[in-house]
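Everything below concerns the one structure shown next.
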Amino acid sequence: MKIALVHDWLTGMRGGEKCLEVLCELFPDAPIYTLLHNKGTMSPQIESKKIFTSFINNLPAKQKQYRKYLPLFPFAIAQFDLTEYDLVISTSR
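For what it's worth, this note's numbering labels the leading residue of the sequence shown as 1, then goes sequentially.
Structure follows, in structure tokens:
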């Protein structure tokens, strides 16, 4: 069974990211899809995964001011093609 993990954004270890960390341990082969990823801000279990980001990850000032792109989030997340997966587990704060 092919499994993918989806999380809103990876910008620091808080409650939602700790849940994601447990999912990474439960599903070691599952990649992570996220709107943006600030490398080095996550636990080793998360950082070691294959992480796919949206175009928001390439926009200016995304590290500190990513919330200003909130109107683009629904469009950005819809761009991920997850049809190859049998199960998609989505987490958020």
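In this text, a Cβ means the ideal position worked out from N, Cα and C, and glycines have one as well.
Roughly how many whole angstroms lie between the Cα atoms of residue i and residue j?
i: residue 69; j: residue 90; result: 20 Å
i: residue 87; j: residue 61; result: 33 Å
i: residue 83; j: residue 64; result: 32 Å
i: residue 27; j: residue 40; result: 21 Å
i: residue 32; j: residue 11; result: 14 Å
i: residue 72; j: residue 1; result: 31 Å
Please report the residue range of the beta strand (DSSP E) in which residue i lies.
i: residue 87; result: 87-91
i: residue 23; result: Segment 15-26 is the alpha helix (DSSP H) holding residue 23; no beta strand (DSSP E) there.
i: residue 4; result: 3-7
i: residue 32; result: 32-34
Where does residue i land, buried or exposed, given buried means 16+ other C-beta within 10 angstroms?
i: residue 54; result: buried
i: residue 49; result: buried
i: residue 36; result: buried
i: residue 42; result: buried
i: residue 6; result: buried
i: residue 57; result: buried
What three-state label does DSSP hand residue i in the structure shown?
i: residue 73; result: helix
i: residue 78; result: helix
So the alpha helix (DSSP H) residue i belongs to, where does it begin and stop?
i: residue 51; result: Premise fails: residue 51 lies in the beta strand (DSSP E), 51-53, not in any alpha helix (DSSP H).
i: residue 46; result: 44-47
Please decide whether residue i counts as near chain B, where near means a Cβ-Cβ distance under 8 Å.
i: residue 26; result: Of the chains in the structure shown, none is chain B; there is only one protein chain.
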